[in-house]
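To keep things clear, I will list the structure first and then write my remarks on it.
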């Protein structure tokens, strides 16, 4: 409701902004809930529409529902632009683009055809859920998790890069050993198989059949089993650290002289200026 | 045996209650053991009955065994109601309903048919095992585990929700890329495939066949490999915390002379000043 | 060489014992190495013999090699009995039985036939490797690991028991939903499928085909993905604890008065008797 | 640029060395970037060449590109030998051999044929990437990871050795139980299947079909599920230790007055008595 202070904005715009962008008032809560239901319905429709039997049976129902939802989303998009003070900031924001992509495909499909390719874009409507959920309740709880993941990102990228190089070399080897027999017809395919195997997914559409190929595959699998521990170890450790650093911030005093924080729990004197701390 | 104080309850009811609900006396222990054996036999019968060859061969044996067990369970159910002071509390409790569902399907099947659909309910008899095992011995040991799981529940739900959204978007993408060729005939099926892949199960009944589809699949798999670390990290960390907080509760002695804490559980003297601790 | 003190044992017996049971002398080391090679050869032969092509081609070579190895093992077994002071203790020990089972199948197969069933027993020869390796070098390093596993055993058993019950209930459900179509012909088979799925193995010989079955399967898979964290969390935590407790033992003093150990690193006085510790 | 001090080396050699071996100067950076691009192109070509359709279609393009790259790599190899003061040290170093193997196969293939077998060796060109990346930026971050992996190496080898022995015994058992029916035609193949199952890969090309075989398979899978925790626990724990030991090395200040340690890195005064620390 920070916009209320601004006297130049008309009152109905402020009210609209409150309803659309916030969830403090009953109207705002109802708006969010209604939007949540429409998004879920629209994504469910996109899914069901892709099943040929349903599509043939309920062609017109899908068609009408699609247009109703598109029009609702279009109205919502226009209202969002109107009610905000700086529309450009919204339009080019992440959610602004997602909102646009939630309505545009239907219009493009109507005027130019090619509905099939636009399916994927319509599924992006799902991303809108994140805004509505305003998952602040959980975010607070998963804050440390995010910090842990951010800290371990660089290490996990190095790790995945190493995994990829192992896959390329092992894939080339498997192509040479197995050749056509097991379905390892070319190197990219063999690399794909290596990734499938090393990640312990194991579809089985391609599988080694020669004894040597199976031996190499065993080595790859046991390696994969051994290195599955690495990302887990990293995340666990970083999560532990994020956890304990969070705790220490809560427990610490701030030096009244030099404003230093980060004191140990048992500290009686400031480690920065030597002043006694008021515990 | 807390009921023994109550003089208004007849003696035989108290005795029955002791035998059925408790396991302190030899009779109570025997009752529990007998029930355990009958439950395991009954669940084993439900399983074997579902194998067509066995069902045809031993039709009458299954039929008789089923009725013997049903009658035993019915008698037990009636005895439980009789022997308890507040039958309603039992009848509508979790185990009361499980007990009822252990006997009812056979009667319904006898009078109305439809035995096949009642299989699942009969398998619920298995849940009765938990009561008998009174797994207090292990529960004590897995207490910290339960605490760790309760603490990490919210975070794991957020995580699984994020995994689901990744699956929906990736599934839609795979349906567009692969189409009919690899078996990705519709979006719900593609999402199912994504879940199968991301969880590293990998049945292989559906598998990408186009180069681009295989590339996307590789990205999904490596992502899955990377994020398998997250729930593990959460549970491990929470388990560690639950563990150390448990320990710290025990160790709350503070030396009355030098105020030192961090004493071992068995400490009788302060390790800092040598003064006797008031345990 | 503790046997050398004993004057009643003839000298050649002591020498033989030293060579066979110990690895301090060059002769003892050579004996162990030779035995290691023979065991590996014998296990490799058992494996190769099972390949029909090799078996037909090299029937006589296998036959002769098998008998040479059996005779060597028989001689070794007799020497082990002769050279030890208390033969009974050896014969009924774990390794004594393994040694006997390494020779007996060949004789039984020769006199009574049935060689196929004796394969498994001959593969037990592999267990003999453990004795020879005397993996003391590594054991020292994996001591904490063993402790961690022992501590987490009870919890992991409870966990696996819970997993099994989930599998039985989910298996029954899948049998009812899928029936014959997906290959879920009976409940034990469906339970087997559930175990395959929950452990993320996913062979794909049985896979759900109905939409509802696939939905339930997705729930099972995501559950499996979530609970794979639990044993990992337990082992990691216990391993950490075993680790830190090991460290504290190294760093601690023993009280000169009451012989108490387990002192904290910073302890200046014994927590048991209050005596000053000589740091 | 340490070579610059040496007056006996001609100036152009020093300059060349700077460009080729270092990345401090703009020329050195450009050289590294150009080489990186060529290596990636060359590896991509090796991959694409293995796809029969592309190979037939673009035979001459591949042929020419291969020779251009080979000549570039040959020139680079010669320049590396010329510009370094001790060529032998380079030639027999790891990267020296990789560099040689990046060029040799093309020449051998030209003079003696057998290009197919030389594919694998050409894929080794990928290893050259590591040198160029000079992944110092990430190495710094994954230093603790390397330490953790080195510390846990022995334990993980013992663990994998135990897994292998379990696989051999379980594989023999499965061969005896399943025989030909499920595809367990010989023991090595059954062991291969056990590794596939225990690592939770599960291709499904071989799968048990008898009830007993499926029961044993279930036991193997649940075992695999339980022991997947072990390497993870080891790595996580060692990573934690490496992490904290890194920190503790930095924090070795001890207060000269009260002997308190546990100071923060930035501490200038003792948090226990307020005395200035001698950093």
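Protein chains in written order, with our numbering: chain A, 113 to 391; chain B, 113 to 391; chain C, 113 to 391; chain D, 113 to 391. Beta carbons are placed, not taken as given, at the ideal position from N, Cα and C, and that holds for glycine.
CB contact check: residue i to chain C, cutoff 8 angstroms
i: residue 263/B; result: no
i: residue 346/D; result: yes
i: residue 133/B; result: no
i: residue 323/D; result: yes
i: residue 337/D; result: yes
i: residue 288/B; result: no
Chain B contact for residue i (CB, 8 angstroms cutoff)
i: residue 342/C; result: yes
i: residue 159/A; result: yes
i: residue 123/A; result: no
i: residue 393/C; result: Chain C is shown only over 113 to 391; residue 393/C falls outside these bounds and no answer can be derived.
i: residue 171/A; result: no
i: residue 277/C; result: yes
i: residue 351/A; result: yes
i: residue 280/C; result: yes
Nearest candidate by alpha-carbon position, reference residue i, set the options
i: residue 292/D; options: 182/D, 273/D, 277/D and 319/D; result: 319/D
i: residue 332/D; options: 307/C, 324/C and 352/C; result: 307/C
i: residue 148/D; options: 327/D, 239/D, 288/D and 338/D; result: 239/D
i: residue 259/D; options: 351/D, 133/D and 156/D; result: 351/D
i: residue 176/B; options: 161/B, 325/B, 140/B and 197/B; result: 161/B
i: residue 283/D; options: 131/C, 158/C and 202/C; result: 158/C
i: residue 281/A; options: 328/A, 324/A and 344/A; result: 328/A
i: residue 197/B; options: 341/B, 129/B, 139/B and 290/B; result: 129/B
i: residue 294/D; options: 265/D, 191/D, 224/D and 324/D; result: 324/D
i: residue 261/A; options: 166/A, 343/A and 203/A; result: 343/A
i: residue 192/B; options: 353/B, 279/B, 133/B and 122/B; result: 133/B
i: residue 300/D; options: 173/C, 131/C and 156/C; result: 156/C
i: residue 211/B; options: 188/B, 222/B and 223/B; result: 188/B
i: residue 195/D; options: 124/D, 313/D, 297/D and 173/D; result: 124/D
i: residue 164/B; options: 277/C, 122/C, 298/C and 139/C; result: 298/C
i: residue 263/A; options: 205/A, 237/A, 345/A and 172/A; result: 345/A
Residue-chain proximity (residue i, chain D), Cβ-Cβ < 8 angstroms
i: residue 293/B; result: no
i: residue 272/C; result: yes
i: residue 327/B; result: no
i: residue 183/C; result: no
i: residue 260/C; result: yes
i: residue 238/C; result: yes
i: residue 151/A; result: no
Residue-chain proximity (residue i, chain A), Cβ-Cβ < 8 angstroms
i: residue 162/D; result: yes
i: residue 218/B; result: no
i: residue 300/D; result: yes
i: residue 268/D; result: yes
Notebook entry, point to check: Can you list, in chain order, the residues of the region 305-321 of chain B whose Cβ is nearer than 7 angstroms to any Cβ on chain A?
Noted result: 309, 312, 314, 316 and 319
Item checked: Cβ pair count under 8 angstroms reaching 3, the region 259-269 of chain C against the region 133-147 of chain B -> no
Next item on the list: Can you give me, in chain order, the residues of the region 197-215 of chain C that have a beta carbon less than 9 angstroms from any beta carbon in chain A?
Entry: none
Notebook entry, point to check: Pairing CB atoms from the region 168-185 of chain C with CB atoms from the region 206-217 of chain C, are three or more of them under 8 angstroms?
Noted result: yes
Next item on the list: Say whether the region 336-344 of chain B touches the region 308-318 of chain B, bearing in mind that this needs 3 or more beta-carbon pairs closer than 8 angstroms, one atom from each stretch.
Entry: yes
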